[in-house]
Amino acid sequence: MKKYYQSKNWAKTSLLALVVAGASLSLPVQSVLAKEPLVGALQPGAPVTFADLIEQVSPAVVSVNVIIREETTAQDMEGIPDVFREWLERQRPNGGDRPAPRVREGRALGSGFVISDDGYIVTNHHVIAKASEITIQFEDGKEFDAELIGSDERTDLAVLKIESPKPLPHVSFATDIKLRVGDWVVAVGNPFGLGGTATAGIVSATGREIGRSAYDFIQVDASINQGNSGGPTFDLYGNVVGVNSQILSPSGGNIGIGFAIPARVASKISKELIEKGSVTRGW
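And the structure:
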């Protein structure tokens with residue numbers, strides 16, 4: 001789990017990245033932006049329901065399961081002080097060969113969402129950064145092996161590709177919608193590996209600066225936890241307004257301060273990753 005520190009506004013408070021974030025260019029068959037809210041009408045005494053919205057978008061939200069394989073020696077000396085490391089080296093008979101390397105396997109979980117019917121998927125860079133294998137699972141349980149098309153550490157975005165014999169459900173970025181503080185949002189993802197989970201909240205702030213990032217974030221109070229990384233945050237029309245990336249927390253758990261990469265950034269970066277596999281900058 002990555003930690004970020006920002007002396008400007010959050011002195012001595014860690015921003016924990018979650019192992020928990022394109023639209024029109026030539027992405028095949030994008031879904032049309034909805035024009036009517038997909039939530040229950042506000043009526044006197046009646047609660048707001050997000051059921052229709054969640055039912056529409058959930059089929060396009062996926063779990064990202066990552067296997068990480070790292071080669072190490074049988075006698076892993078990482079973290080051992082030099083004086084002891086040298087002593088252990090001298091214990092090898094006649095300066096014999098080092099122990100044969102072995103493979104250590106780990107796992108990571110995150111979320112993502114399909115942005116085209118032919119299988120392009122957006123997630124976070126930090127979810128797949130060290131991946132040896134990536135598997136995508138849909139809410140109906142279907143699984144697909146995924147190929148990494150490209151990733152960009154600076155924006156914490158990555159694009160994956162899966163092959164499906166049938167067109168896939170997908171969602172679109174809300175690049176032309178200006179969010180306001182107080183707008184409702186819904187986050188859908190895979191917290192703690194539980195599978196499709198939806199939470200609702202509001203936009204708490206826009207243009208939020210975090211650490212040394214060159215890009216700003218949307219701050220939301222919808223519950224975001226470990227495993228939500230790379231999952232989408234939707235507006236009430238079912239359009240992706242942000243890609244969940246980080247939370248502010250002294251303990252690693254949700255306290256109602258989450259950060260999402262704005263759709264305008266995610267849309268632009270994902271297009272470039274699909275076209276070129278990397279992002280080119282002049283700075």
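The sequence shown: position 235 = 235 (the UniProt record's numbering), numbered continuously.
Cβ coordinates follow ideal geometry from the N, Cα and C atoms, glycine included.
Pull up the DSSP beta-bridge partners for S63, would you. S111, Q137
Would you say K130 and I149 are within 8 Å of each other, going by their C-beta atoms? no
By alpha-carbon positions, which one of G258, D156, I121, K271 ends up nearest to D221? G258
Terminal residues of the alpha helix (DSSP H) in which residue 308 lies: The displayed coordinates of the chain run from 1 to 283. Any statement about residue 308 would go beyond what the structure contains.
Between the Cα of I68 and those of E133, I247, D176, H125, spot the shortest distance and give me the residue it belongs to. E133
Which parts of the region 119-187 are runs of the alpha helix (DSSP H), unbroken and 4 residues or longer, counting only runs that do not cross its ends? 125-128
So what does DSSP say about G230, is it helix, strand or coil? coil
Quick check: what's the CA-CA separation for P28 versus V171? With a pLDDT of 37 at P28, under the threshold of 50, the modelled position of that residue is not reliable, and the figure given next carries that caveat. Distance between the alpha carbons of P28 and V171: 12 Å.
Cβ shell of residue 315 (< 7 Å), same chain only, five flanking positions each side left out: As shown, the chain starts at 1 and ends at 283. That puts residue 315 outside it, with no answer to give.
Which one of D183, I269, V186 has the shortest CA to CA distance from R154? I269
Would you call the region 231-251 and the region 186-198 in contact, with 3 or more CB pairs under 8 Å? yes
Less than 8 Å separating the beta-carbons of S164 and L109? no
N- and C-terminal bounds of the alpha helix (DSSP H) containing S267: 263-276
Could you give the DSSP three-state label for G189: helix, strand or coil? strand
Classify K178: buried if its beta carbon has 16 or more other beta carbons within 10 angstroms, exposed otherwise. exposed
Just to confirm, are I261 and S245 a CB contact at a threshold of 8 Å? yes
Per DSSP, what kind of secondary structure is R71 in: helix, strand or coil? Reading the sequence as shown, one finds Glu at residue 71 and not Arg. E71 falls in the strand class under three-state DSSP.
Below 7 Å CB to CB, which residues in the same chain sit around P169 once its five sequence neighbours on both sides are set aside? P59, A60, V114
Just the Cα atoms here: how many angstroms apart are G242 and P81? 44 Å
If you draw a straight line from the C-alpha of Y120 to the C-alpha of K276, how long is it? 14 Å
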